[in-house]
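To keep things clear, I will list the structure first and then write my remarks on it.
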Amino acid sequence: MPTINTDKVCFVVVKARELESEDEGIDADASNATDDGFVSVLTEDAFSTTRDEVASFIEAMDIDEQVELVALMWVGRGDFAANEWNEAVAQARARHEGATSAYLLGVPLLASFLEGGLAEFGESCELFAADRQ
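Numbering (our numbering), first residue to last: 20 to 152.
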């Protein structure tokens, strides 16, 4: 059973969703800002700020929280079942090197996988999302 605070996981989920939606607005093929109506200029700055914010948040977590965040993502992705939690944590700890945020933010569908992991343990971000509105 995860010991990481659910609100911390949910904060990462919310920010990862923001990154997913902002990423859709960036046109990587635009030759210049006027070609795309300055959309990429506006979204790239926000994307960078949000990415930096969530990366800093993850890196500020202690090692145990970072390891559990990775393990929770793996459970949500289906790499491990909830009853294999201790094994998932052990593997995440053994593989930990470098910036955890870089690994996690490089995972497509990070928010969905974290929410799926929480659901496997009977948790959700429903109350967290309601508190933010």
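Beta carbons: idealized from backbone N, C-alpha and C, even for Gly.
I'd like the list of long-range same chain contacts for residue i, defined as Cβ closer than 7 Å, with 5 residues on each side in sequence excluded.
| i | result |
| --- | --- |
| F140 | M20, P21 and A101 |
| G136 | L91, M92, V94 and G95 |
| L107 | It should be pointed out that residue 107 corresponds to Ala in this sequence rather than to Leu. Around A107: A90, W93, V94 and F99. |
Considering only their Cβ atoms, is the gap separating residue j from residue i smaller than 8 Å?
| i | j | result |
| --- | --- | --- |
| V89 | L129 | no |
| T69 | E37 | yes |
| T25 | E142 | yes |
Does DSSP classify residue i as helix, strand or coil?
| i | result |
| --- | --- |
| T22 | coil |
| G97 | coil |
| F132 | helix |
| M80 | coil |
| S75 | helix |
Say yes only if the C-beta of residue i is nearer than 7 Å to one or more non-hydrogen atoms of the ligand NAD, and no if none qualify.
| i | result |
| --- | --- |
| V73 | Absence of the ligand NAD from the depicted structure is noted, as is the absence of any ligand whatsoever, leaving it without description. |
Please classify residue i as buried or exposed, where buried requires at least 16 neighbouring CB atoms within 10 angstroms.
| i | result |
| --- | --- |
| A35 | buried |
| G117 | exposed |
| A111 | buried |
| L153 | With the chain covering 20 to 152 only, the question about residue 153 has no answer from this structure. |
Output needed for residue i: all residues of its chain with C-beta closer than 6 Å, excluding positions within five of it in sequence on either side, in chain order.
| i | result |
| --- | --- |
| T119 | I77 and Q85 |
| S67 | none |
Spatial neighbours of residue i within its chain, please: CB distance less than 8 Å, with the 5 preceding and 5 following residues excluded, ordered by chain position.
| i | result |
| --- | --- |
| H115 | I82, Q85, V86 and V89 |
What are the boundary residues of the alpha helix (DSSP H) that includes residue i?
| i | result |
| --- | --- |
| S120 | T119 to L124 |
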